[in-house]
Amino acid sequence: MSSTSSLSEPLARPALAATPQAQPMVLGIIGAVALVHLINDLIQAVLPAIYPMLKTNYGLSFTQVGLITLTFQLTASLLQPWIGFYTDRHPKPFLLPVGMLCTVVGILLLAVVGSFPSILLASALIGLGSSTFHPEASRVARMASGGRFGFAQSTFQVGGNTGSAFGPLLAAAIVVPFGQSNIAWFALFGVFAVFVLYRVGGWYARHLALFRASRGLQPTHGLSRRRVMGALAVLALLVFSKYIYMASLTSYYTFYLIERFGVSIAQSQMLLFLFLGAVAVGTFAGGPIGDRVGRKLVIWFSILGVAPFTLLLPHVDLFWTAVLTVIIGLIMSSAFSAIVVFAQELVPGNVGMVAGIFFGLMFGIGGISAALLGHLADIRGIVHVYQLCAWLPLLGLLTVLLPDTRARR
0 MSSTSSLSEP LARPALAATP QAQPMVLGII GAVALVHLIN DLIQAVLPAI
50 YPMLKTNYGL SFTQVGLITL TFQLTASLLQ PWIGFYTDRH PKPFLLPVGM
100 LCTVVGILLL AVVGSFPSIL LASALIGLGS STFHPEASRV ARMASGGRFG
150 FAQSTFQVGG NTGSAFGPLL AAAIVVPFGQ SNIAWFALFG VFAVFVLYRV
200 GGWYARHLAL FRASRGLQPT HGLSRRRVMG ALAVLALLVF SKYIYMASLT
250 SYYTFYLIER FGVSIAQSQM LLFLFLGAVA VGTFAGGPIG DRVGRKLVIW
300 FSILGVAPFT LLLPHVDLFW TAVLTVIIGL IMSSAFSAIV VFAQELVPGN
350 VGMVAGIFFG LMFGIGGISA ALLGHLADIR GIVHVYQLCA WLPLLGLLTV
400 LLPDTRARR
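Spelled out as structure tokens, the structure:
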């Protein structure tokens, strides 16, 4: 090696080390934010899991059930992009544990509320905790990815999906048999999550150089601003189709099973758990596959490929309903990590804002659609809701409008 290269090598290393891609993967940090995502979404999943109990105890209509979801989702969705936008420019490593404290307060309030307005307030606090958690935690996962962005995002996301799957199961075991006050036990998970996020915040604070380096990244896809904005609009429409359908299952699947097949609340919660478990598996698979074969292909398969199964679902018996919802969960969930990373690659340096928009968009669409679908169920019946929503995955045809950024990296 020449003396010139020997002298220049030490000078090159700091610049190389400043880029997220040059850093080795920090699996412990990715695992920590995925674990807290599990806890965060497990606590949140308690709310829709106890809808049948709340509906019976307080004489709620389907419209009021939808308004509970709307309150939670809008609180979460409206703040997320703004928090992400702000922290993209002014990092706040210890905002993570503060947000989780809001979730703990919300879940404790939900355990003692005695009226519909109080349920709405508890839901709003849980949503506030979510809005502060997702943008910053998604950024931390990306910083610790070592360049394997799809893997890190899907690992982070699968934590949330796993929590969403176990929430109804634990609610069926703890809350439904023993009463609303036992929701307070879930606050113990939240306290543990606060401690973990405090440690993660310390790591984040010590690695702010990675944050500053990512702020200086320039796009490598070669697309004009107009093409980028068009691609982001297409991604938003795909999320729209995906999460309206997901809202129909997460909010009303138990009611659908009870009304159409006469199953018990506990049996409906078990079938909801199977669906949400399939969502977790599909989410984890989608990120690494997108790293290998391209995110556009994963999005094609995930959204459009699920259409035959959603169209068939309203016309089958209980056994095939369970089978089809598992297939739908596996296929449909694989797109979200690919969509988020695709969007982050379109506008590098805005990781938190993009995560906030897409997580927030997901929550907002879910909340608004849950309220509208609940009102539709009051008017036309819950079976009609699934017959109508079955056509939504056909919007996956819009994927043809996405640019192939993988070829330009």
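Residue numbering for the sequence shown follows numbering that gives the first Met the number 0, beginning at 0 and increasing consecutively.
Here a beta-carbon is modelled for each residue, glycine too, at the ideal position from N, C-alpha and C.
Here Trp390 has no same chain residue with a Cβ atom under 6 Å from its own Cβ, once five neighbours each way along the sequence are excluded. Counting the other Cβ atoms within 10 Å of the Cβ of Tyr50 gives 16 or more, which makes it buried. Counting C-beta pairs with one atom in each stretch, the stretch 120–131 and the stretch 75–95 have three or more that are closer than 8 Å, which means they touch. Shortest Cα-Cα distance from Leu248 to any of Lys54, Val32, Gly65 and Met52 involves Gly65.
Beyond the five residues adjoining it in sequence on each side, Val25 comes within less than 6 Å, by CB distance, of Ala143 in the same chain, given in chain order. If you look at Leu345, you'll find it in the alpha helix (DSSP H) that goes Ala334 to Leu345. Counting every other CB atom within 10 Å of its CB across the protein chains shown gives Val190 a total below 16, marking it as exposed. If you compare the alpha carbons of Tyr242, Leu312, Leu231 and Val193 with that of Pro347, the shortest gap goes to Leu231.
Going by DSSP, Val384 is part of the alpha helix (DSSP H) stretching over Ile381 to Cys388. The beta carbons of Leu34 and Val227 sit no closer together than 8 Å. DSSP, reduced to helix, strand and coil, places Ile49 outside both helices and strands of the structure shown, so it counts as coil. If you draw a 10 Å sphere on the C-beta of Phe155, you find 16 or more other C-beta atoms in it, and that means buried. Closest option to Gly58, judged by alpha-carbon separation, among Ser114, Thr253 and Gly380: Ser114.
Within the model, the alpha-carbon separation for Arg198 versus Phe318 is close to 45 Å. Gly105 sits in a helix when the DSSP states are folded into three classes. Going by beta carbons, Phe150 and Asp290 fall inside the 8 Å limit. For the pair of segments examined, the stretch 299–310 was found to touch the stretch 328–345: the number of CB pairs separated by less than 8 Å reaches three.
Inter-residue distance for Lys91 and His206 is about 12 Å (C-alpha atoms, whole angstroms). Under the Cβ criterion (8 Å, minimum of three pairs), the stretch 337–345 counts as touching the stretch 284–300. Check the Cα spacing between Leu270 and each of Trp299, Ala321 and Val280: the tightest is with Ala321. In the DSSP annotation of this structure, the continuous segment of the alpha helix (DSSP H) that includes Trp81 starts and ends at Phe61 to Arg88. A direct Cα-to-Cα measurement between Cys388 and Ile378 gives close to 16 Å. Thr253 is the residue among Thr253, Val262 and Ile257 whose C-alpha sits nearest the C-alpha of Leu275. With distances taken between CA atoms, Ser153 lies nearest to Ala354 out of Ala354, Leu400 and Val45. By the 16-neighbour rule on beta-carbons within 10 angstroms, Gly201 is exposed.
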